[in-house]
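2 protein chains.
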Amino acid sequence: MPQASGETPVVHIVDDDDSQRFGLDSLLRSVGLAARTYGSTQEFLKADRLDGPGCIVLDVRLPGTSGLDFQEELATLGIRLPVVLMTGHGDIPMSVRAMKAGAVDFLPKPFREQDMIDAVTAAINRDRLQRANENQAIAIVDRHATLSPREREVMALVTAGKMNKQIAAELGLSEVTVKIHRGAAMRKMGARSLADLVRMADALKDRAR
Amino acid sequence: MPQASGETPVVHIVDDDDSQRFGLDSLLRSVGLAARTYGSTQEFLKADRLDGPGCIVLDVRLPGTSGLDFQEELATLGIRLPVVLMTGHGDIPMSVRAMKAGAVDFLPKPFREQDMIDAVTAAINRDRLQRANENQAIAIVDRHATLSPREREVMALVTAGKMNKQIAAELGLSEVTVKIHRGAAMRKMGARSLADLVRMADALKDRAR
DNA sequence: GATCACATCACACGTTGGTATGAGGTGTGG
DNA sequence: CCACACCTCATACCAACGTGTGATGTGATC
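Protein chains in written order, with my numbering: chain A, 254 to 462; chain B, 254 to 462.
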C-alpha cells in the first residue's frame, strides 16, 4: 500500500489576494498543517493530488466563478473535499447559502486566527470520516462489480429476505442453480454470513441514492 | 387511528413583537398554513400539541433566552421540530451558528414574504421526512422492548452473523435454547426473514447513536 | 400458594441452506 | 477452433435452521 490512510491531509487555499494567501499559508503551517496555495479556481483544478485527504479554504470573492458557485461546482466535479469559506464582504444570505450547500464554516474577514484553525481542523475531521466511509463503500462496489448478472440478481433477492425456493420460482430456475449463484455471490463479496451480505446490499443501495 | 399522518402541519411562531407576529400569522394563513403564535419561549413550551407535525419560526432576539440558545435547548427537550430563524440585527457568525445547529433557514429582517414561505415549506417537508423515519424507528424500538433479555442477547449475536452453534457456545447454552430465543425474537420483532431482522438491528443501532 | 413470564434442555422431525460431482448449453475473444 | 466465463440442472449428502412435545426450574406478582 503506497498511500493508504497514513497520508497527510492537505489544506488547499484558494484566494486571489497574494498577501492573504501567504498569511493563511504560514498560519496553517505554524500549527503543523500542510498547505498549498492557488490564486484562482482554475489553478486549483489544474493541480493534482486533489483526491488525497484534506480540505479547501475558499475565498468567496474570486475572479470569474464566485467561491459560492465554485463550491457547488465541486460536487459536480466529484471533488468532495470539505469547504471552509471566507469573505471580506459577505452577508447573511450568502453565509446561509454556503452552509446549506454543505460548507463546514463561513468566516467573515477579518477572522481570528484560532477560528480559522478550528474551522480547518473540523473540515479535516469531516473529511477523515467521509473518507473512511467512502473507502468501505468503494470496496463493496468493486466486489459487487465482479458478480455476474445472475449473481447480482440472486443477491438482490436473497438480501430482500426471499428463500431459495421463491427465488428459483421468480427467476424460472431450479433451486440448485440459485444456490450456486448465491454461494458465488457470498464468496465474491467476501461475506462470511448472510447478515454481512445484507449490510453490503444496503450499503450499495445508499451509494445509488 | 385518530390522528395518524393526516394531521395538518402547524407553524409555531415565536416572536415578542406583536405586530411582526400577527403579520407573519396572516401571511402564513394566506397561503393555507395553520399557524399559532407565542410571545415568548415560555409561552411556547406551555402549549400542547408540540408533538404534532409542523415547524417553528423563531425570532433571534427574545426576552430571556435568545432564539439561538433556545434552538439548541429544543434538542435537549426532545422537540425535533425544524426551526426557521429570523432576526433584525443578525450577523454572519450568528447565522452560521444557527445553520450548524441544524436550522432550516436564517432570514434577516426585512425579508421577502416569498422567502419566508419557502423556508417554512422546506421546514415542513423536512419534518415530514423526519417523522416518517422516526415512526418506523419507534415501532422497531417498541417491539424490541418486548424482548426478554436473553432474546435481545441472542438477536444481537444472530444479526452479527453468528451461527446458532456459536451463539450457544458463547452464552453457555444448548443449541435448542438458542433456537427458541431466536424464533421468539423473530416473532416479537415481526421479522419475516433474517434479512429483515438484520435491518431492524441496524436501525436500532442508528437510534442509539 | 397459584399464576405467569422467563429460561433451560432432550428428543424428534421436517425444511432450508451449502457444497460437491458430473454434465450439458451459450457466447466471446484470442 | 479452443479456451473461458457464464448459465443451467440432476443427484446426493451434510450442516444449519425451525418447530413441536414435554419437562424442569426460577423469580415476581397477586
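All C-beta atoms, glycine included, are put in the ideal place defined by N, C-alpha and C.
Euclidean distance between Cα positions of residue i and residue j
i, j, result
"residue 315 of chain A", "residue 308 of chain B", "37 Å"
"residue 310 of chain B", "residue 282 of chain B", "14 Å"
"residue 272 of chain B", "residue 368 of chain A", "38 Å"
"residue 452 of chain A", "residue 452 of chain B", "8 Å"
"residue 333 of chain A", "residue 279 of chain B", "42 Å"
"residue 284 of chain B", "residue 298 of chain B", "26 Å"
"residue 351 of chain B", "residue 339 of chain B", "10 Å"
"residue 382 of chain B", "residue 425 of chain A", "38 Å"
"residue 355 of chain B", "residue 353 of chain A", "10 Å"
"residue 456 of chain A", "residue 275 of chain B", "48 Å"
"residue 399 of chain B", "residue 435 of chain B", "14 Å"
"residue 342 of chain B", "residue 363 of chain A", "20 Å"
"residue 313 of chain A", "residue 330 of chain A", "19 Å"
"residue 361 of chain B", "residue 347 of chain A", "11 Å"
"residue 322 of chain A", "residue 442 of chain A", "40 Å"
"residue 393 of chain A", "residue 458 of chain B", "21 Å"
"residue 324 of chain A", "residue 303 of chain A", "14 Å"
"residue 335 of chain A", "residue 357 of chain A", "6 Å"
"residue 444 of chain B", "residue 395 of chain B", "14 Å"
"residue 373 of chain B", "residue 375 of chain A", "30 Å"
"residue 450 of chain B", "residue 263 of chain A", "42 Å"
"residue 410 of chain A", "residue 420 of chain A", "7 Å"
"residue 437 of chain A", "residue 448 of chain A", "16 Å"
"residue 293 of chain A", "residue 384 of chain B", "44 Å"
"residue 427 of chain B", "residue 407 of chain B", "12 Å"
"residue 418 of chain A", "residue 462 of chain A", "30 Å"
"residue 397 of chain A", "residue 327 of chain A", "27 Å"
"residue 300 of chain A", "residue 319 of chain B", "45 Å"
"residue 509 of chain A", "residue 270 of chain A", "As shown, chain A starts at 254 and ends at 462. That puts residue 509 of chain A outside it, with no answer to give."
"residue 305 of chain A", "residue 439 of chain A", "32 Å"
"residue 349 of chain A", "residue 349 of chain B", "7 Å"
"residue 366 of chain A", "residue 286 of chain A", "14 Å"
"residue 288 of chain B", "residue 370 of chain B", "12 Å"
"residue 412 of chain B", "residue 460 of chain A", "22 Å"
"residue 377 of chain A", "residue 317 of chain A", "27 Å"
"residue 431 of chain B", "residue 404 of chain A", "32 Å"
"residue 433 of chain A", "residue 433 of chain B", "30 Å"
"residue 337 of chain A", "residue 337 of chain B", "23 Å"
Chain A residues whose Cβ lies nearer than 8 Å to that of residue i
i, result
"residue 343 of chain B", "345"
"residue 448 of chain B", "411, 412, 413, 414, 447 and 451"
Classification of residue i by the beta-carbon crowding that lies within 10 angstroms, buried from 16 upward
i, result
"residue 359 of chain A", "buried"
"residue 255 of chain A", "Low confidence applies to residue 255 of chain A: its pLDDT is 40, below 50, so where it sits in the model is not reliable, and the reading given next is rough at best. When all chains shown are included, residue 255 of chain A counts as exposed."
"residue 401 of chain A", "exposed"
"residue 386 of chain B", "exposed"
"residue 345 of chain A", "buried"
"residue 267 of chain A", "buried"
"residue 388 of chain A", "exposed"
"residue 415 of chain A", "buried"
"residue 380 of chain B", "buried"
"residue 391 of chain B", "exposed"
"residue 261 of chain B", "exposed"
"residue 228 of chain A", "Past the edges of chain A, shown from 254 to 462, lies residue 228 of chain A, and the structure says nothing about it."
"residue 296 of chain B", "exposed"
"residue 429 of chain B", "exposed"
"residue 423 of chain A", "exposed"
"residue 258 of chain B", "Only weak support exists for where residue 258 of chain B lies, its pLDDT of 45 falling under 50; the value from the coordinates is given anyway. Classification for residue 258 of chain B: exposed."
Residues that residue i bridges to, as DSSP identifies them
i, result
"residue 359 of chain B", "B:338"
"residue 289 of chain B", "B:265"
"residue 309 of chain A", "A:265 and A:336"
Residue i: contacting residues in chain A (beta-carbon distance under 7 Å)
i, result
"residue 279 of chain B", "The contacting residues do not exist; residue 279 of chain B stays about 24 Å from chain A at best."
"residue 363 of chain B", "By Cβ distance, chain A contributes nothing, its closest Cβ being about 12 Å from residue 363 of chain B, past 7 Å."
Neighbouring residues, chain B, relative to residue i (Cβ below 8 Å)
i, result
"residue 373 of chain A", "What residue 373 of chain A touches in chain B: nothing, since even the nearest Cβ is about 15 Å away."
"residue 352 of chain A", "348, 349, 352 and 353"
Interface residues of chain B facing residue i [CB-CB closer than 7 Å]
i, result
"residue 358 of chain A", "349"
"residue 316 of chain A", "Chain B residues near residue 316 of chain A: none, gap ~23 Å exceeds 7 Å."
### Complete runs of the alpha helix (DSSP H) confined to the stretch 344-415 of chain B [at least 4 residues]
345-353, 366-398 and 402-412
#### Entry: Minimum length 4: unbroken alpha helix (DSSP H) runs contained in the stretch 419-456 of chain B
Residue ranges of uninterrupted alpha helix (DSSP H) with 4 or more members, entirely inside the stretch 419-456 of chain B and ordered along the chain, are 428-442.
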